[in-house]
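Engineer: Each residue of the sequence shown is one higher than the last, beginning at 0 in numbering that gives the first Met the number 0. Here it is: the structure, laid out below.
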Amino acid sequence: MLRKKIEASKELNKLMSDYYHELDHASKVSDKKVAWCSSVGPAEILRSS
């Protein structure tokens, strides 16, 4: 079975990679806290004003 490549997958891969690298950088050099929440947890708990 031949699979058709999704055109946006390369761009999405770069977007996700950049996102997680930025989070990693922020966790090391910023005074702001970085938190992770799975899709089953309420993200509202992590939001701060």
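Yeah, the Cβ is synthetic: ideal placement off N, Cα and C, and Gly gets one too. Keep in mind it's a predicted model, so treat the numbers as computed, not measured.
Can you give me the start and stop residues for the alpha helix (DSSP H) that Ser-38 sits inside?
Structural biologist: Looking at the DSSP string, Ser-38 is not in any alpha helix (DSSP H), and its letter there is neither H nor E.
Engineer: Would you report the Cα separation of Lys-3 and Ser-29, rounded to the nearest angstrom?
Structural biologist: Using only the alpha carbons, I get a separation of about 42 Å.
Engineer: Could you check how far apart the C-beta atoms of Cys-36 and Leu-22 are, in whole angstroms? I think they sit under 8 Å.
Structural biologist: Actually they do not touch by this definition, with Cβ atoms about 12 Å apart.
Engineer: Starting from Met-15, trace the alpha helix (DSSP H) in both directions and tell me its first and last residue.
Structural biologist: Counting along the chain, the alpha helix (DSSP H) containing Met-15 begins and ends at 8-28.
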